[in-house]
Each structure stands twice: as structure tokens, then as C-alpha cells.
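Position 327 (the sequence shown) corresponds to 330 in our numbering; numbering is contiguous.
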Amino acid sequence: MKILFINISDKAGGSAKAAYRLGQALEKYHHAKNLFLVRTKISTDKNVIQTRSNKITGTIERGTNILLNFAGMQYQWLPFSPKTILRKASEFKPDIISLHNTIGGYFVTKDLIKLSQIAPIVWTLHDMWAFTGNAAHTFGDESWKEMKTGHGENKIFPWIGINTGRWLLKQKKDIYNHSDITIVTPSKWLYKLAAQSPVFEGKKIHQIYHGIDLRKFKRLPKDKVRNELGIPLKAKVLMFGADKLEKNYWKGGKELFDILGFINSRANEKLFLLALGRGHPKELEQFNNFTTIFPGFIESEELLIKYYSAADLFLYPTRADNLPFGLIEPIACGLPCITFKIGGCPEIIKNNKNGFIIPPFNCEIFARKVLQTLNDKPGLRELSRNARKYAEEIFSHSAFGKNYCDFFTKILKKIY
């Protein structure tokens with residue numbers, strides 16, 4: 004089976020991890036031949052092609068995207084990437100097009116029609132953008148159910164200047180009606196939303212969980228990795244991770260600082276905090292009951308696994324999420340997590356089993372649960388065992404590949 008993947012990146016971000024790991028699973032277990040077309044290439048994989056040929060075309064296309072977004076003409080036209088995508092798709096002649104994150108100023112929405120004439124499209128949604136005016140998440144607003152946009156939705160990423168959200172929604176519906184697309188959602192949460200969307204009327208929607216290489220992502224001996232990373236063996240260690248640590252509205256941000264502030268004022272001993280990501284927030288310097296380590300943004304999975312293995316508890320105070328690898332990875336390494344009841348997070352973290360689910364956005368309850376859990380060593384060990392077990396049951400790499408392969412086969416045989 005020949006599969007063309009289209010995505011914003013091959014390595015950066017959750018959608019990139021999902022698509023690239025899916026490609027690896029399909030190639031390893033089902034002998035698929037893959038080609039990736041991405042806006043931003045990070046790997047050295049020869050089967051990954053960047054849609055922008057050089058820095059000059061990248062600069063021009065970014066500028067064009069900004070101007071069109073400001074005018075409310077989001078993803079109506081772009082000068083370079085769409086031509087590359089259509090040309091490469093025609094040359095590759097895929098059996099299936101696996102479409103992922105189309106946000107980011109490299110993909111023109113109406114090209115779904117042309118691409119679906121080359122091969123059936125299976126569009127894996129990583130957020131709500133496909134069925135809203137312009138927003139990746141609407142934070143509870145359900146105006147999209149009536150083909151409308153919520154108040155201020157145009158200011159949500161990826162923003163538009165002139166609020167053309169209703170027109171964009173109607174255009175999406177028309178494009179989808181003329182395209183051979185099937186929708187996949189990684190979480191049951193997003194499935195339920197997509198199934199209620201008027202833009203997907205008449206389209207088939209399926210849910211498939213992400214998967215991860217559990218032979219790689221596993222718990223390493225805590226004493227060994229703490230010695231290697233310079234973390235005291237008897238320390239109580241919290242961990243938080245995000246792409247950006249500063250001014251991150253989606254993950255962390257004000258909620259993280261409020262939680263840590265409450266913990267700082269109640270802790271009766273010094274705690275360690277591993278803050279993984281770009282940046283060095285000054286807010287963290289005020290917490291005198293924390294020894295904070297800033298390893299930066301970690302690209303190496305091997306090193307990331309060591310940090311997961313060194314920590315006692317993972318904090319994930321997210322505002323919006325689908326089925327984040329930011330929770331799947333730590334539980335695979337036996338690291339219990341605490342998060343808010345947001346999106347698909349409760350599908351990864353089972354309350355009182357492999358972590359805790361906190362009502363959004365109750366930072367005091369979140370912080371109290373952190374302190375309570377840190378002081379319960381037998382409970383932590385049980386949570387850790389359950390975390391790994393649940394990852395093995397639900398998020399295996401082989402099941403990830405098999406579920407998609409079976410689904411692609413059904414589409415090609417027209418039995419779905």
C-alpha cells in the first residue's frame with residue numbers, strides 16, 4: 004500500500020508525532036511505502052519532502068499567509084506549497100492520502116477536491132479547525148453546530164482579522180461535499196464533536212487511538228537516571244513539559260504558576276521541578292520551596308525517557324487538547340499524571356488509577372492532589388504500575404498501525 008502523508012511537520016508538535024509514528028508502524032508491520040509532504044522538515048528522512056524549497060519561498064509564503072489571514076481569507080491561496088503538494092501527489096500515485104494538520108499556511112483548503120481525485124483522503128483531525136470558522140479550539144462554544152462562529156472566535160489561533168468565519172464554514176461544507184474524504188479522530192471526545200458538525204453531514208467518521216513504541220518508551224531504573232541527570236535520589240520530583248514555557252496559553256501558563264504557587268506555600272520540604280521546554284519563566288524563580296531544573300526543549304526521545312523515568316509525578320494543566328502525546332508518553336514510562344478534565348485527557352488518565360483528573364480549572368484542588376500524592380509512596384507505586392499497564396492495553400504501536408491499515412483497506416475495498 005502506498006500512502007501519502009500531508010502534514011505541517013515531520014517531527015515538531017503532536018500532529019507530527021502522530022503522523023510520523025503512524026508511518027513507522029505501517030511500514031514496519033504492514034510493509035507500506037510512505038511519502039511525507041510537510042511544510043517544515045526537521046528529520047533527515049529521505050521520504051520526507053518539504054513543500055517550501057528554500058528560505059526565500061518560505062518567507063514569501065509566510066507573508067502571504069499573514070496578509071490573507073488578516074483579510075479573513077484563510078488558506079484561500081498560497082504561492083508555493085500547494086503546487087508542490089499537488090505535483091508530488093500526482094507523481095507518487097498513492098493508494099491513500101493520510102491528511103493531518105492543515106493549519107500553518109501551506110495547505111489550501113479547496114485543494115481537497117483535487118487531491119481526492121488522485122486518491123481517497125483519510126483526514127485525521129488533531130483539533131477542531133476542520134469544523135469551525137477558523138479556531139483550532141472553541142473552549143466550549145458550540146456555535147459551529149449552527150454553522151455560526153462564537154464571539155471573538157476570529158481571535159483564537161489560527162486567527163483571522165476580518166471575521167469571515169461563517170463564510171469559511173459554508174465554504175468548508177461545500178468543499179467537503181465535493182471531496183472523497185473520510186474523517187478519523189484520535190479521541191472519542193473529538194469524535195462526538197465531529198459527529199455533530201453540519202459540515203461533515205454525509206461523511207463517515209471513525210475513531211482510532213494513537214500508539215507509541217512501548218519497547219522504547221518504558222520506565223528506566225530511577226536511581227540510575229537520577230544519578231545521570233544530577234537529581235538527588237531521595238528527592239520528590241515533579242515534571243512539566245511543553246514546547247514553550249513562556250506565554251503558553253494552551254498548556255501551563257497562568258494555571259501552572261497558580262498550582263506551583265499553592266504547592267510552594269504548603270510544601271513542608273524542598274521539591275524538585277523539571278521544567279522541560281523552550282524559555283525560562285521568571286515566575287518560577289519566586290518559588291523558594293522548589294529547586295527548578297530547566298533542561299530546555301528536548302528533541303532526543305532517549306533523553307526525554309530518562310526525565311520521565313526520573314520524575315515522580317507529571318503535571319499537565321492544559322486548556323485545550325485532543326489526545327496528547329504529552330500524557331501518553333509519560334504513562335508509557337510508568338509516570339503518573341495529573342491533568343484537567345479537558346478534551347481527550349480523561350481517555351488517557353483514569354482517575355485514581357494511573358493519575359488524577361481535576362475539574363477545570365481548579366488550581367487549588369490540583370495542587371492539593373499533587374501534595375497528597377507525593378506523600379503517598381505506596382500509592383505512587385501503584386499508580387506507576389497502572390500507568391504502564393494502561394499504555395500497554397490501549398496505546399501500543401502495533402495496534403496503532405493495524406487499526407489504520409485495516410481501516411485504509413476497508414476504504415479501498417469500499418466496504419466502510
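Don't be surprised by glycine CBs; every beta carbon is placed ideally from N, CA and C.
Environment of residue i [buried if 16+ CB atoms lie within 10 Å]
| i | result |
| --- | --- |
| I234 | buried |
| R281 | exposed |
| G133 | Gly is not the amino acid found at residue 133; the sequence shown has Ala there. Burial call: buried. |
| A2 | Outside the displayed span of the chain (4 to 419) sits residue 2, for which this structure offers no information. |
| E304 | exposed |
| H213 | buried |
| R391 | buried |
| H103 | buried |
| I418 | exposed |
| S399 | buried |
| S18 | buried |
| E204 | exposed |
| D379 | exposed |
Residue closest to residue i, alpha-carbon to alpha-carbon, out of the options
| i | options | result |
| --- | --- | --- |
| L128 | K113, Q210, D183, I63 | Q210 |
| G168 | A74, C366, F359 | A74 |
| G61 | L274, P85, E204 | P85 |
| L274 | F110, S401, L241 | L241 |
| N72 | P97, I360, I106, E302 | I106 |
| A394 | P381, L217, K372 | L217 |
| I124 | A92, Y78, F83, Y23 | A92 |
| D226 | A313, K254, K257 | A313 |
Neighbourhood of residue i by C-beta, 8 Å cutoff - its chain only, sequence neighbours within 5 removed
| i | result |
| --- | --- |
| K117 | L89 |
| K309 | L223, V228, E231, L232 |
| R388 | G337 |
| P362 | F343, K344, I368 |
| H283 | L248, E249, F297 |
| I215 | R24, F328, I331, E332, A335, A394, F398, S399, H400, F403 |
| H33 | M4, G404, K405, C408 |
| K173 | M150 |
Backbone CA spacing between residue i and residue j [nearest angstrom]
| i | j | result |
| --- | --- | --- |
| F369 | I262 | 7 Å |
| K206 | L307 | 39 Å |
| F243 | R322 | 14 Å |
| W126 | Y179 | 11 Å |
| N424 | K191 | Past the edges of the chain, shown from 4 to 419, lies residue 424, and the structure says nothing about it. |
| L326 | H140 | 13 Å |
| F8 | V51 | 9 Å |
| I6 | S101 | 7 Å |
| D324 | Q120 | 32 Å |
| Q27 | L70 | 37 Å |
| L386 | N355 | 8 Å |
| I63 | K175 | 25 Å |
| F220 | Y311 | 9 Å |
| Q79 | T112 | 7 Å |
Same chain, Cβ closer than 6 Å to residue i, neighbours up to 5 away in sequence not counted
| i | result |
| --- | --- |
| I201 | Reading off the sequence, residue 201 comes out as Pro, not Ile. Cβ neighbours of P201 beyond the five flanking positions: M150. |
| M4 | A35, D98 |
| I11 | R42, N104, G107 |
| N68 | G108 |
Expected contact under 8 Å - CB spacing of residue i and residue j to nearest Å
| i | j | result |
| --- | --- | --- |
| G358 | I341 | 6 Å |
| I208 | A197 | 5 Å |
| G404 | L25 | 7 Å |
| L316 | P339 | 6 Å |
| E171 | G136 | Checking the sequence, you will find Leu at residue 171 rather than Glu. About 5 Å separates the two Cβ atoms, so the contact holds. |
| L276 | F293 | 5 Å |
| D13 | S56 | With a Cβ gap of about 16 Å, D13 and S56 do not count as contacting. |
| P189 | A21 | 7 Å |
Same chain, Cβ closer than 7 Å to residue i, neighbours up to 5 away in sequence not counted
| i | result |
| --- | --- |
| N199 | In the sequence as displayed, the identity of residue 199 is Gln instead of Asn. Cβ neighbours of Q199 beyond the five flanking positions: K148. |
| M131 | A138, A139, H140, T141, L196 |
| E30 | N37 |
| I163 | N72, G75, Q77, N137, N157 |
| L377 | K239, D315, L316 |
| F265 | C366, E367, A370 |
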